[in-house]
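Working notes, beginning with the structure itself.
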Amino acid sequence: MKGYAGKFLEVDLSNEKIKETSFPEEILREYIGGRGLAAKILWDRLGKKWETIDPLSPENILLVLTGPLTGYFPGTKVCVSGKSPQSNGVIGSTIAGEFGVDLKCAGYDGLIITGKAEKPSYIFICDGHVEIKDATPIWGRKARETLRFLVKKSVEEVKAIKPNYGEVKEPSILHIGPAGENRTRVAAVVAKYAHGAGYGGYGGVMGSKNLKAIVAKGFGPLPEVYDRDEVIRIFDEISKRNFEVEGFRRWGTGKGGYHFGAETSSEPVRNWQEEWHNMESFRGEEFDKYWIKKYWGDFGCPVTCLKLAVLKEGRFRGAICDNPDYELQAYLGANLGIFKAEDNIYISYVSNELGLCGIQGGAVLGFAAELYQRGILTKEDLDGLELEWGNAEAFAVLAEKIAYRQGIGDILAEGVYRAALKLGEMKGTNLLKYVVHEKGVAIGAHGVRSGKDFAKDISYACSVQAGDHTSLASIDDGRSGEISTILSDSAVYCNFVSFALDDMKPLFKLYEAVTGWSLSEEEWYGEKGLRILQLQRALLLLGGPDRQWKPKIDDDNPQRFWEPLPSGPYKGKTVDRETFERNRLEYYRLVGWDENGVPKPETLRKLGLHDVETKLREVGLLN
Amino acid sequence: MNQNGKVWIERVYENCSGCRRCEIACSLFHEGRIWPEASRIRVFMFVPGVEIPHLCFQCENYPCVEACLAEALSVNEQTGAVKVDVSKCTACGLCIEACPGRVPHMHPERNYIVICDLCGGKPRCVEACQEGKWDALRLSSRIEGFSYKSLAKTPEELTVEIAKKLFGEETAKEVWR
Numbered sequence: 036m037k038g039y040a041g042k043f044l045e046v047d048l049s050n051e052k053i054k055e056t057s058f059p060e061e062i063l064r065e066y067i068g069g070r071g072l073a074a075k076i077l078w079d080r081l082g083k084k085w086e087t088i089d090p091l092s093p094e095n096i097l098l099v100l101t102g103p104l105t106g107y108f109p110g111t112k113v114c115v116s117g118k119s120p121q122s123n124g125v126i127g128s129t130i131a132g133e134f135g136v137d138l139k140c141a142g143y144d145g146l147i148i149t150g151k152a153e154k155p156s157y158i159f160i161c162d163g164h165v166e167i168k169d170a171t172p173i174w175g176r177k178a179r180e181t182l183r184f185l186v187k188k189s190v191e192e193v194k195a196i197k198p199n200y201g202e203v204k205e206p207s208i209l210h211i212g213p214a215g216e217n218r219t220r221v222a223a224v225v226a227k228y229a230h231g232a233g234y235g236g237y238g239g240v241m242g243s244k245n246l247k248a249i250v251a252k253g254f255g256p257l258p259e260v261y262d263r264d265e266v267i268r269i270f271d272e273i274s275k276r277n278f279e280v281e282g283f284r285r286w287g288t289g290k291g292g293y294h295f296g297a298e299t300s301s302e303p304v305r306n307w308q309e310e311w312h313n314m315e316s317f318r319g320e321e322f323d324k325y326w327i328k329k330y331w332g333d334f335g336c337p338v339t340c341l342k343l344a345v346l347k348e349g350r351f352r353g354a355i356c357d358n359p360d361y362e363l364q365a366y367l368g369a370n371l372g373i374f375k376a377e378d379n380i381y382i383s384y385v386s387n388e389l390g391l392c393g394i395q396g397g398a399v400l401g402f403a404a405e406l407y408q409r410g411i412l413t414k415e416d417l418d419g420l421e422l423e424w425g426n427a428e429a430f431a432v433l434a435e436k437i438a439y440r441q442g443i444g445d446i447l448a449e450g451v452y453r454a455a456l457k458l459g460e461m462k463g464t465n466l467l468k469y470v471v472h473e474k475g476v477a478i479g480a481h482g483v484r485s486g487k488d489f490a491k492d493i494s495y496a497c498s499v500q501a502g503d504h505t506s507l508a509s510i511d512d513g514r515s516g517e518i519s520t521i522l523s524d525s526a527v528y529c530n531f532v533s534f535a536l537d538d539m540k541p542l543f544k545l546y547e548a549v550t551g552w553s554l555s556e557e558e559w560y561g562e563k564g565l566r567i568l569q570l571q572r573a574l575l576l577l578g579g580p581d582r583q584w585k586p587k588i589d590d591d592n593p594q595r596f597w598e599p600l601p602s603g604p605y606k607g608k609t610v611d612r613e614t615f616e617r618n619r620l621e622y623y624r625l626v627g628w629d630e631n632g633v634p635k636p637e638t639l640r641k642l643g644l645h646d647v648e649t650k651l652r653e654v655g656l657l658n
Numbered sequence: 236m237n238q239n240g241k242v243w244i245e246r247v248y249e250n251c252s253g254c255r256r257c258e259i260a261c262s263l264f265h266e267g268r269i270w271p272e273a274s275r276i277r278v279f280m281f282v283p284g285v286e287i288p289h290l291c292f293q294c295e296n297y298p299c300v301e302a303c304l305a306e307a308l309s310v311n312e313q314t315g316a317v318k319v320d321v322s323k324c325t326a327c328g329l330c331i332e333a334c335p336g337r338v339p340h341m342h343p344e345r346n347y348i349v350i351c352d353l354c355g356g357k358p359r360c361v362e363a364c365q366e367g368k369w370d371a372l373r374l375s376s377r378i379e380g381f382s383y384k385s386l387a388k389t390p391e392e393l394t395v396e397i398a399k400k401l402f403g404e405e406t407a408k409e410v411w412r
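If you're matching them up, the sequences are chains A and B in order.
Residues in the first sequence are numbered from 36 upward in steps of one, following the numbering used here.
Residues in the second sequence are numbered from 236 upward in steps of one, following the numbering used here.
Here it is as structure tokens:
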């Protein structure tokens, strides 16, 4: 097999057993890697009892998977998955960094992690040398301390394995913060300081397994490819296209904090009470002066759209943070009524240090602040905290409470949707109207009401990854847009780098050059990608144990999105109900679901998913 | 480049984006594979944001060549690069000990040391860095009388130095001490 290392590591934390495993070529041809393979592994191993499995229990499986294009596409990611404690389905959550490359160079395509370690642990991989190690000294520690400890210790350990090698480069590290350790549903799996696999809530899954980090160092080359010269040619072609995208290289998404508010009216402002602002203080240029790296990226990246911000002066001196990119500007800025770059960088830093997902954490902070604004949550409820809009220090305190599950933080740690149910019960009122979520996942910072952003009417409602703004359902060009994302998440490369391309042809060509296996667009959209979509859909609908989604009710936008925009140039606008319902039906038809949104028996049979049909019948989703 | 035709790779650490395309270019040129550990230039990142592209500093007195008992190392007269005779190298590691920057490292799979050979005067790492306009690596003429050895430091030393520059002294100490 070309492009794959050919082996996966299976780590049973309960029994401290490590073994190598592999998948037949047929499975890899059909499910590729990353998100697709994750859905397949989870279906095969947990599908029969899916609805009974608590995502935060040892029964869940944590997957860290590369794909065949990891390392060969210029822009590297790795895919984290498992049963999601947010949606109860499967989310392919990708994260940038060198981890995927180090893992493949160590000889592994991915990790399948089961059970729960007896004490805080981390997994150490140096080529074939794999160990479960004690993480007690760093349990409870934040990102900076965790990294410093692991880098120093791991470099020494690698040196001990290769005593005469010379200086040893640091291994790649995936880690969690206190938010993950304390099994919150708003915790990310983190690389470096603030690259996060946030959607899905897999930081909490790692925490539930007592797994603080995964450390990987590979000394080998990337696996052999089928057609080396063609791989290099396409790598260069994609790179060259990206070198030309000057604005994106210069700013990344860091101009979004102003743009998506002022221009497109699609930014969460004060917990989505508005989607418009025109705060000049939130222009990209205001962030620029804090950047110590204007071009920052990860392995192979031609764009380096990340920027590194540091506060060297002022009351928040010492804060270090990626960008903030648009999502963090929105969710930890405008969404909290914060329109000062410095304050936004500070709260992003706090969130990163705690291992919170900027989006899910920011959403729940904003939700709490709206309840405070409305007098539903009082100062007493918040342990004396005055949670005024724009008060970065107060939000930082609350973020800590969430990560450590202290006081009200224990409820908010459940994420916006579950916190609203619980607080609503306590306060005797329905709080879901203040929650912008899709099937338990706080929606990315791209609103649909103005119709001017890339997220549209049914984008979230029909997505198998729910609120994930990188995996949107659409019916343009007569095919599901979400299946495009399934390619980047399964072959595992950075979709931001693919945005510069005119079409997806180079991606399919690269896949063929790397693997030597043919894959046409028709085959992807009509069969392989569609099959992965069905699996994810089935698992999402099976859900459980704390919540099951009813497609007829839950394939919908959150209540707030049905209220017309209250301000800005698109005041009064929202999605038209009829259009929404027509497009939703059209989407169902396009991907082979019945009018209730359940995969049709003939769709499943055509794709060879007979066991999925059986299961859906068994639970009554199909008659 | 200049009178003697010898080149030197200048590095501006603060400009390094961490894209590691230099490692890709180097390993493709020398090994025909994408192979970060076999790259003659390696980007160290003990602290995120403090990326240190590490490669031969070409000291004027070549302590590594001096230290080699197997006579495996020599200086290429034309480029000024250190040349490794892989048939003579015993992988003893004396050159690593002698190098003030501890730059040379073992080939990850074979029994010899690897050191930057400047790709014969046209370094692929510099091309990759310049193509992307990061400008962390620059090709410059080698100046007689300049002490290149004074720039040679270990990844650890450089991390401390550059972290201070980027983050400020106080924060640098917190992220790496």
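Heads up, the beta-carbon is just placed ideally off N, CA and C, and yes, glycines get one too.
Quick caveat: nothing in here was measured; it's all calculated off a predicted structure.
Where residue i sits in the DSSP three-state scheme
{"i": "A/Leu246", "result": "strand"}
{"i": "A/Trp85", "result": "helix"}
{"i": "A/Ser156", "result": "strand"}
{"i": "B/Trp411", "result": "coil"}
{"i": "A/His645", "result": "helix"}
{"i": "A/Gly280", "result": "Reading off the sequence, residue 280 of chain A comes out as Val, not Gly. Residue state, collapsed to three classes: coil."}
{"i": "A/Thr111", "result": "strand"}
{"i": "A/Thr149", "result": "strand"}
{"i": "B/Leu329", "result": "helix"}
{"i": "A/Asp47", "result": "strand"}
{"i": "A/Trp552", "result": "coil"}
{"i": "A/Phe254", "result": "coil"}
{"i": "A/Asp378", "result": "helix"}
{"i": "B/Met236", "result": "With a pLDDT of 44 at B/Met236, under the threshold of 50, the predicted position of this residue should be treated as unreliable, though the coordinate-derived value follows. Coil, per DSSP."}
{"i": "A/Lys290", "result": "coil"}
{"i": "A/Thr56", "result": "strand"}
Close-in-space but distant-in-sequence residues of the same chain around residue i (CB under 7 angstroms, 5 per side omitted)
{"i": "A/Glu32", "result": "Absent from the structure is residue 32 of chain A, since the part of chain A shown begins at 36 and ends at 658."}
{"i": "A/Arg582", "result": "Asn123 and Gly475"}
{"i": "A/Asp524", "result": "Gly69, Arg70, Cys114, Gly127 and Thr129"}
{"i": "A/Lys227", "result": "Gly132"}
{"i": "B/Ser382", "result": "Glu295"}
Whole-number beta carbon distance between residue j and residue i, since they are thought to touch under 8 angstroms
{"i": "A/Leu433", "j": "A/Leu466", "result": "Incorrect: roughly 17 angstroms between the Cβ atoms, too far for contact."}
{"i": "A/Glu473", "j": "A/Gly502", "result": "4 angstroms"}
{"i": "A/Leu422", "j": "A/Tyr407", "result": "4 angstroms"}
{"i": "A/Gly238", "j": "A/Ala223", "result": "5 angstroms"}
{"i": "A/Glu302", "j": "A/Ser602", "result": "That pair is no contact at about 12 angstroms."}
{"i": "A/Ser515", "j": "A/Leu625", "result": "6 angstroms"}
Cut-off 6 angstroms between Cβ atoms - residues of its own chain near residue i, not counting five sequence neighbours on either side
{"i": "A/Gly397", "result": "Tyr366, Leu367 and Asn370"}
{"i": "B/Gly355", "result": "none"}
{"i": "A/Asp144", "result": "Tyr39, Ala40, Phe43 and Thr101"}
{"i": "B/Cys334", "result": "Cys299"}
{"i": "A/Leu570", "result": "Ala74 and Trp78"}
Contact set for residue i: own chain, Cβ-Cβ below 8 angstroms, skip 5 residues either direction
{"i": "B/Asn237", "result": "The predicted position of B/Asn237 is uncertain, since its pLDDT is 49 and thus under 50; no value can be drawn from it."}
{"i": "A/Val451", "result": "Gln395, Ala398, Val399, Phe402, Val470, Val471, His472 and Ala477"}
* Of all the residues that make up the segment 141-173 of chain A, which are near chain B by a beta-carbon distance shorter than 7 angstroms? -> Cβ contacts with chain B: none found.
* **the segment 160-180 of chain A contacting the segment 304-320 of chain B, beta-carbon criterion three pairs below 8 angstroms** => Cβ pair count under 8 angstroms is below three, so no.
* Contact residues within the segment 332-357 of chain A, judged by C-beta distance below 8 angstroms to chain B -> So the list reads Gly332, Asp333, Phe334, Gly335, Cys336, Pro337, Thr339, Leu343, Val345, Lys347, Arg352, Gly353 and Ile355, given in the order they occur along the chain.
* Asked: Between the segment 450-465 of chain A and the segment 98-114 of chain A, do at least 3 Cβ pairs fall closer than 8 angstroms?
  -> The segment 450-465 of chain A vs the segment 98-114 of chain A: no contact.
* To do: Determine contact between the segment 409-420 of chain A and the segment 180-199 of chain A, defined as no fewer than three beta-carbon pairs at a distance below 8 angstroms.
  => Contact annotation: the segment 409-420 of chain A does not touch the segment 180-199 of chain A, with fewer than three C-beta pairs closer than 8 angstroms.
* Contact between the segment 371-378 of chain A and the segment 271-279 of chain A: three or more CB pairs below 8 angstroms? -> Result no; under three Cβ-Cβ pairs closer than 8 angstroms.
* Asked: Should the segment 615-625 of chain A be regarded as contacting the segment 477-495 of chain A, the criterion being three or more beta carbon pairs within less than 8 angstroms?
  -> Between the segment 615-625 of chain A and the segment 477-495 of chain A there are three or more C-beta pairs closer than 8 angstroms, enough to call the two in contact.
* Got a sec: which bits of the segment 242-269 of chain B sit with their beta carbon under 9 angstroms from any beta carbon on chain A, in order along the chain? -> If the cut-off is 9 angstroms between Cβ atoms, the segment 242-269 of chain B has Glu249, Asn250, Cys251, Ser252, Gly253, Cys254, Arg255, Arg256, Glu258, Ile259, Ser262, Leu263, Glu266, Gly267, Arg268 and Ile269 near chain A.
* Asked: Between the segment 239-258 of chain B and the segment 327-347 of chain A, do at least 3 Cβ pairs fall closer than 8 angstroms?
  -> Put simply, the segment 239-258 of chain B touches the segment 327-347 of chain A. At least three CB pairs are less than 8 angstroms apart.
* Any 3 or more C-beta pairs closer than 8 angstroms across the segment 205-222 of chain A and the segment 279-289 of chain A -> The segment 205-222 of chain A, when compared against the segment 279-289 of chain A, does not touch it at the 8 angstroms Cβ threshold.
* Asked: Is the segment 154-166 of chain A touching the segment 246-257 of chain A, taking contact as three or more C-beta pairs under 8 angstroms?
  -> By the Cβ criterion, the segment 154-166 of chain A is in contact with the segment 246-257 of chain A, since at least three pairs of Cβ atoms, one from each stretch, lie closer than 8 angstroms.
* Would you be able to state if there are at least three C-beta pairs under 8 angstroms between the segment 573-590 of chain A and the segment 526-544 of chain A? => Contact fails: fewer than three Cβ-Cβ distances are below 8 angstroms.
* **Interface residues of the segment 279-296 of chain B facing chain A [CB-CB below 9 angstroms]** => Along the segment 279-296 of chain B, the positions whose C-beta sits under 9 angstroms from a C-beta of chain A are Phe279, Met280, Phe281, Val282, Pro283, Gly284, Glu286 and His289, read in chain order.
* Asked: What are the residues of the segment 380-391 of chain B that lie near chain A, defined by any Cβ-Cβ distance shorter than 9 angstroms?
  -> Those would be Thr389, Pro390 and Glu391, in chain order.
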